[in-house]
Each structure stands twice: as C-alpha cells, then as structure tokens.
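There are 2 protein chains.
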Amino acid sequence: MSDESFITLCAGIMDDAEAVVLTTVGSDGYPHSRALLNLRNRAAYPSLGDFYDNEANRLGVWFTTNTSSAKIAEIRENGKAAAYYTVPREFRGVMLAGDLEIIEDPAITHFFWQENWTMYYPKGKDDPDYSIVRLHPRRVKGWAGFKPFLFTVS
Amino acid sequence: MSDESFITLCAGIMDDAEAVVLTTVGSDGYPHSRALLNLRNRAAYPSLGDFYDNEANRLGVWFTTNTSSAKIAEIRENGKAAAYYTVPREFRGVMLAGDLEIIEDPAITHFFWQENWTMYYPKGKDDPDYSIVRLHPRRVKGWAGFKPFLFTVS
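See the structure below:
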C-alpha cells in the first residue's frame, strides 16, 4: 500500500467514526481510556472539514477537554498517548500513537470553537476551562476488514 | 450511587457495546490500542449470557486473540491494560483498568469457543493460535450522559 492510499484510508475512518477513544498512561503505569467528541467527524463538525483536507492535517488529531480535568493533569506529567477511531460495523479502525501537546494559542482554540460548546464551557471560547489538545502521531496502525496495515510517521 | 447500581449500569454498557478497545503499553511507553470482538455483547454471543449474569463475572472481561499476535508478546512483558466499552450515540461508556492474564485452561478456552471462529483459528478450539485473555479490573470508571462515576475494585 502506498503512503497516499494508506493516509486516505485512515483519514476516511477518522472522518466517519462516531467517537474517539483517547488513552493516556497514569503515574501507576495503567492506561486510562475515555471516549471524547470526535472533532474529525465530518457530519458533526462540517465547519472543520477544509482544515483536515489540508495535506499537513490529514492525519491530524485534535481534542477538546476541560483544562481542570484529570486528563490534563495526566498529560502534563506524561504526554504519551494513543487515539483510536473505529467504525465497528465495517471492521474499520485506526490507531495513532504519539505525544500530546496542550494548545493555548487563541488562533487555534478559537478556530475549533463551536457555538453549542457553551454546555461544556459556559464562558465561551475564552473560558479558561476550555482546552484544545493535539496528538502528534509517531506510529499509525489501521485495520480494514481483516487486513492490518502499519505506518510509521517520519 | 450504590455499588449494585454502579455494577448494573456498567454491565449494561458492556453488554450493549458493539466493540471493545483494548489498550496495552508498549516497551517504549506508548499505549497501543485496538478494537477486539466484544464477547460481552449479548446479541452477538447469546450462549455466553448466563456466564456474565453470575455475580462473580458481572464486570468480567474476556477477549480472544491470536497467540502469535504482537499483543500477546506485549502482554507477557507488561500486563497493565485498559478495556473501554462505549455506546457513542447514548454517551454511555465504561473503562476497566487492570491486569491481563493469558488463559490456557481448556475448560475456559473451550467454554468461550464459537463455531464460526474457524475463520480466525482454522484448527478449531484446540488451535494453538487460539487464546483467551482475561482482564482483572482494579479500577472502573463509567460515564452515563454527562455524569462520570468512579469505582475501585477492592
């Protein structure tokens, strides 16, 4: 499989998955998983579509979470993480493992902001509890049907 | 929330989820996630239902995987893992973190065996590549709507 067709396959899974499972590693060494809003889902976030079409962002992973959450504390201590997207009925899945970065640049946090997120962040896009987290993938592994495919980001 | 109602809520999510995401931790410290068949799903595995109804097994987590797979090698090196079940449309999810055990007892591996698994294990229920892995939960965290709930297994 060429890099290009691999990226197309993975990006398609990320764009279709209902949720994404983010796993960090706690100080006791146990992984800690939770589902987060999938900001890659095209149907749920049509305004972000063009951004992911940009070549540099095609495997890009961004999350939103509360600054005060336990996961932000975990990330500050250990940024190694994995994001997993799946469309279970079609046996399609993709895992991106890499390092998390907490984004504080308003140019980026404002870009991702959605009007209805006031249910999570009552003070709006400048709410100090509103965070954007980015995963920088180092290793990507995908599954389509029974065929696994592996890709290392250089 | 009482322990009993917590367990009922979690078991219900495990029984309804289409897939389960199992995360182990590689020797490089990065988590490694993949979706596996959810052997808790009542619709897909009706013959196993009574087993999970047994009080000792209500939060039980069992997987099947190929003995020769990379994940079995990872588990032998580091058994710390998390299993995550979700019903994304309903914002229900449960995470069980704990230690994995590779089960070799035929009384257990034969119990879980399903006739159509010859597509994964051509030699049938005694195929040396057929493995059952059990997670022994230490910490359980669940989400129902916007309400997270946490439970530590004693």
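Sequence order for the protein chains is A and B. Under our numbering, the first residue of the first sequence carries the number 694, and numbering increases by one thereafter. Under our numbering, the first residue of the second sequence carries the number 694, and numbering increases by one thereafter. Note that the Cβ used here is the ideal one computed from N, Cα and C, for glycine as well.
- When DSSP states are grouped into helix, strand and coil, Thr717/A belongs to the strand group.
- For Thr760/A, the secondary structure class from DSSP, reduced to helix, strand or coil, is coil.
- Fewer than three Cβ pairs drawn from the region 803 to 823 of chain B and the region 733 to 752 of chain A lie within less than 8 Å of each other, which leaves the two stretches out of contact.
- Residue environment analysis places Gly722/A among the exposed positions, since fewer than 16 neighbouring C-beta atoms fall within 10 angstroms of its C-beta.
- Here DSSP, grouped into helix, strand and coil, assigns Trp806/B to coil.
- As for any beta strand (DSSP E) of minimum length 3 sitting wholly inside the region 809 to 839 of chain B, the runs are 823 to 837, ordered along the chain.
- Scanning chain A for C-beta atoms nearer than 8 Å to the C-beta of Met788/B yields His725, Ser726 and Arg727, reported in chain order.
- By the neighbour-count definition (other C-beta atoms within 10 Å, threshold 16), Ile768/A is a buried residue.
- Contact between Ile825/B and Thr757/B holds, with the beta-carbon distance rounding to 6 Å and staying under 8 Å.
- Following the DSSP letters along the chain, one finds Glu697/A inside the alpha helix (DSSP H) bounded by residues Asp696 to Asp709.
- Ala775/B reaches chain A at Thr716, Tyr723, Pro724, His725 and Ser726, counting residues in chain order whose Cβ is nearer than 7 Å.
- Looking at the DSSP output, Glu794/B bridges to Arg827/B.
- In chain order, Tyr814 place their CB closer than 6 Å to the CB of Tyr823/B, counting only its own chain and leaving out the 5 sequence neighbours on each side.
- The beta carbon of Thr811/A does not come within 8 Å of any beta carbon belonging to chain B, so the residue lies off that interface.
- Per the Cβ contact rule, the region 700 to 711 of chain B is not in contact with the region 758 to 766 of chain B (fewer than 3 Cβ pairs under 8 Å).
- For Tyr777/B, the enclosing beta strand (DSSP E) has its first and last residue at Lys773 to Val780.
- Under the Cβ distance rule, Glu711/B counts among the residues neighbouring chain A, one pair being separated by less than 8 Å.
- When DSSP states are grouped into helix, strand and coil, Gly786/B belongs to the strand group.
- Here the C-alpha atom of Glu748/A lies approximately 26 Å from the C-alpha atom of Pro724/B.
- The C-beta distance from Leu715/B to Leu729/B rounds to 5 Å, short enough to meet the 8 Å contact threshold.
- Considering only Ser761/A, Asp792/A and Val780/A, the residue with the shortest C-alpha distance to Ala774/A is Asp792/A.
- Per the DSSP secondary-structure output, Ser726/B pairs in a beta bridge with Thr716/B.
- Here the C-alpha atom of Arg733/B lies approximately 15 Å from the C-alpha atom of Pro830/B.
- Pro781/B belongs to the set of residues whose beta carbon lies under 8 Å from a beta carbon in chain A.
- The closest CA to that of Phe784/B, considering only Pro799/B, Trp836/B and Arg735/B, is found on Trp836/B.
- Non-local C-beta neighbours of Val787/A in its own chain, meaning closer than 6 Å and more than five positions away in sequence, comprise Cys703, Ile706, Tyr778 and Gly835, ordered along the chain.
- Spanning the alpha carbons of Asn750/A and Ala790/B requires a straight line of approximately 32 Å.
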